[in-house]
Every structure is written in C-alpha cells, then in structure tokens.
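Our numbering numbers the first residue of the sequence shown as 52 and each following residue consecutively.
Glycine included, every Cβ here is placed at the ideal spot set by N, Cα and C.
These numbers were taken from a predicted model, which means no experiment stands behind them.
Contents: one structure, followed by commentary.
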Amino acid sequence: MEVPVTLAAAARALRTGGTTSVDLTRRFLATIAAREGTVHAFATITTERALADATRADAERRAGIDRGPLHGVPIAVKDLLMTAGIPTGAGSAVLRDHTPTEDADVVRELATAGAVLLGKTNTHEFAWGVFTPPTRNPWDPTHIAGGSSGGSAAAVAAGETCAAIGTDTGGSIRIPAACCGVTGFKPSYGRVSLRGVIPLSTSLDHVGPIARTAEDCALLMDAIAAAPWRGSHTEGIDAGTDAIRFGLLAGPWAEGVSPAVLTLVHAAAAI
C-alpha cells in the first residue's frame with residue numbers, strides 16, 4: 052500500500068490491519084531519506100527510536116491494547132520541545148550539544164498515545180523568525196517554508212510524516228502552514244502545556260498541531276490538550292459550515308495584499 056497521507060487514514064489502516072506501524076514507519080523513513088536532501092525539514096532523524104516505537108505499538112495492538120487514533124502513527128516534533136536522550140537544539144549553536152534528560156509534557160502525552168517519533172524538525176534559532184533556514188518549501192525549493200515551525204510544515208507537506216507539532220508565538224504555526232499548503236492550529240493560551248518547551252515568550256507561546264487536515268489537527272489535539280480540555284476535538288467536525296459566520300477584513304487592514312492572494316481568499320470564502 053502507499054503511505055496514507057493523513058493521520059486519520061493512517062489510523063484507519065492500522066486499526067483495520069491494512070498496514071503495520073513498522074511498515075508505515077519504514078515507508079516514512081524512506082520518504083525522508085529520498086526528500087531531505089531538498090527539503091531539509093529535520094534537525095534530527097530518530098530512526099532507531101522510531102522503529103522501536105513502531106515495534107512496541109504493533110506488539111501492543113496484537114495484545115489487544117488500544118491507545119487511540121495515534122497508536123502506531125508516525126509524527127515529528129519541533130526541535131524546541133525537549134526530548135529525553137535526543138538532542139534539542141532550538142536551532143541554536145549554543146544548544147548544539149544539549150540533550151535533555153526528560154520529555155516535554157507534549158512529547159510525553161504523544162508517547163502515552165502510542166505515537167511513533169520520527170524526529171525533530173527545524174526551527175529558527177529560539178523560534179525567532181519567519182522562514183526557517185535551511186528548510187525549503189516542498190512545492191518549490193526556491194521558496195521559503197515559513198517559520199518558525201517551517202520544518203514541521205515542510206515535513207508534513209513533503210509526505211515525510213503524517214503530522215507534526217509546532218509552536219506559535221506570533222504566527223509560527225499559521226505562517227508555515229499557509230506557506231506549505233497544510234493545516235495548522237494555534238490553540239488558545241494554556242490549552243496545551245508549555246512545560247519542557249524552550250521559550251521565546253512564555254506569555255505568548257503556544258504549542259499546537261500541523262497536519263494535512265482539520266480532522267488530523269483535532270486528533271492531535273485530543274492527545275496533547277491539557278487535562279481541563281481533554282475530550283473530543285472532532286465532535287461536530289462533519290456538521291457542515293452553514294451555521295458559521297465569519298468576516299473578511301477590508302479597508303486599511305486589507306491594503307498591501309497581492310491581488311493573487313486576495314483572489315484566492317475571496318474564492319475560499321465563497322466556497
């Protein structure tokens with residue numbers, strides 16, 4: 052089978068026996084090997100850890116253990132989140148040799164959900180920037196991937212992972228998601244734990260999902276949301292949009308937007 056593009060599709064394939072976590076993980080690792088020379092989405096690729104995670108997930112599934120939709124699904128996390136025994140450099144030469152002794156809360160929650168860790172994605176130094184060197188846009192390597200979670204967005208867009216975790220202080224999930232044509236979600240403050248995340252501004256930082264679809268982001272949120280917000284983020288996701296109202300900026304706020312972008316925004320609004 053081909054690698055499922057979405058997290059939800061991967062989860063269904065694993066649950067129905069259409070694939071195994073080890074097979075799925077090997078396929079993503081092969082995609083990473085084929086595309087990283089151009090995309091440069093990853094700061095660290097955790098091949099041995101990923102295969103160990105996948106082997107454990109398959110064994111648990113055979114034993115009747117079900118950790119939920121993320122069980123056995125390969126993902127990546129931004130290199131701003133601490134990972135025990137795995138380098139966490141935050142894009143900085145200062146932390147080049149920094150290897151934490153414990154996981155960030157979000158990394159721990161993902162492990163509890165049975166996710167497979169493929170690696171750590173590139174970020175600006177301490178998440179301060181909007182184009183994430185040396186990451187390139189998978190759609191066109193001459194273009195930027197956005198930042199500072201550009202590595203996470205590019206990895207998802209390139210098919211190197213089902214989904215990824217990013218952080219957002221002033222657009223660092225939303226900008227790369229837009230640049231790379233994927234879906235990013237900035238949760239409200241406090242909804243996802245910041246413990247173990249190297250800070251840019253603790254009063255403005257947020258941790259959130261980057262994936263192919265809104266459904267995938269919702270499934271990730273189910274796993275990483277802090278205790279008060281645990282529950283289903285997918286409830287009502289297929290209810291349609293007829294009851295939703297939204298506004299489009301006009302006047303000074305809309306000035307300076309390129310005509311091509313403005314055309315696409317209005318086309319999306321019409322849909």
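Nearest-angstrom beta carbon gap, Ala318 and Leu299 [assumed within contact, 8 Å]
Contact between Leu299 and Ala318 does not hold, since the beta-carbon distance rounds to 12 Å and is not under 8 Å.
Check this for me: beta carbons of Gly259 and Phe236, under 8 Å apart or not?
If you check the CB distance, Gly259 and Phe236 come in under 8 Å.
Less than 8 Å separating the beta-carbons of Ala276 and Val243?
Cβ atoms of Ala276 and Val243: closer than 8 Å.
Considering just the uninterrupted stretch of the beta strand (DSSP E) at Gly217, what are its terminal residues?
Segment Ala214 to Asp219, the beta strand (DSSP E) holding Gly217.
Can you tell me whether Glu99 is buried or exposed? The criterion is at least 16 other CB atoms within 10 Å of its CB, across all chains shown.
So Glu99 counts as exposed.
Please give the ranges of any alpha helix (DSSP H) in the stretch 168-241, keeping only runs that are unbroken, at least 4 residues long and fully inside the region.
If we require 4 residues or more, the alpha helix (DSSP H) runs fully inside the stretch 168-241 come out as 201-208 and 225-231.
Three-state class that DSSP yields for Phe93 in the structure shown
Note: Phe93 maps to strand in three-state DSSP.
What residue does the beta strand (DSSP E) around His42 start on, and which one ends it?
Any question about residue 42 goes unanswered here, given that the chain covers just 52 to 322.
Take Gly221 as the anchor and find which of Gly197, Gly69 and Arg246 has the nearest alpha-carbon.
The shortest Cα separation from Gly221 among Gly197, Gly69 and Arg246 belongs to Gly197.
Excluding the 5 residues preceding and the 5 following Met52 in the sequence, name in chain order all residues of the same chain whose CB lies nearer than 8 Å to its CB.
Note that Met52 scores a pLDDT of 38, beneath 50, so its modelled location is shaky and nothing firm can be said.
Run the CB neighbour count on Lys129, radius 10 Å, all protein chains shown included, and call it buried at 16 or more, exposed below.
Classification of Lys129: buried, given that the 10 Å Cβ count is 16 or more.
Measure the alpha-carbon distance for Asp156 versus Ala274 and round it to whole angstroms.
Between Asp156 and Ala274, the C-alpha separation is close to 11 Å.
Helix, strand or coil for Leu80 per DSSP?
Leu80 falls in the helix class under three-state DSSP.
Nearest neighbour of Phe285, chosen from Leu271, Ala294 and Asp148 [CA to CA]:
According to the sequence displayed, residue 285 carries Thr and not Phe. If we check each option's Cα against that of Thr285, Leu271 comes out closest.
Please go through the same chain and pick out, in chain order, the residues whose beta-carbon is closer than 6 Å to the beta-carbon of Gly170, but skip the five residues on each side of it.
Correct list, in chain order: Phe93, Thr95, Ile96, Thr97 and Ala127.
Between the stretch 141-152 and the stretch 216-232, can you find at least three pairs of beta-carbon atoms closer than 8 Å?
No, the stretch 216-232 does not touch the stretch 141-152.
Please state whether the Cβ-Cβ distance between Ala214 and Ile261 is less than 8 Å.
Yes, they are a contact pair.
Considering just the uninterrupted stretch of the alpha helix (DSSP H) at Ile275, what are its terminal residues?
It spans Ala265 to Ile275 - the alpha helix (DSSP H) in which Ile275 sits, taken as one unbroken run.
Would you please state the rounded distance, in angstroms, between the beta carbons of Leu168 and Val124? I believe it to be under 8 Å.
In fact, because the Cβ distance is near 11 Å, the residues do not count as touching under 8 Å.
Using only CA atoms, which one of Ser72, Ala305, Ala85 and Arg118 lies nearest to Asp104?
Just measuring C-alpha positions, the residue of Ser72, Ala305, Ala85 and Arg118 sitting nearest Asp104 is Ser72.
With a 10 Å radius around its C-beta and 16 neighbouring C-beta atoms as the bar for buried, classify Thr314 as buried or exposed.
Exposed, by the Cβ-count rule.
Could you tell me which residues DSSP pairs with Leu299 in its beta bridges?
None, per the DSSP bridge assignment.
Three-state secondary structure (DSSP) of Val145:
Val145 carries a helical assignment under DSSP once its states are collapsed to helix, strand and coil.
State the Cα-Cα distance for the pair Thr76 and Arg159, rounded to the nearest angstrom.
Approximately 19 Å, taken between the alpha carbons.
Near Thr212, what residues of its chain come up, given a Cβ to Cβ distance below 7 Å and the 5 sequence neighbours on each side ignored?
Only Phe79, Pro125, Ile126, Ala127, Leu169 and Ala206 meet the Cβ criterion.
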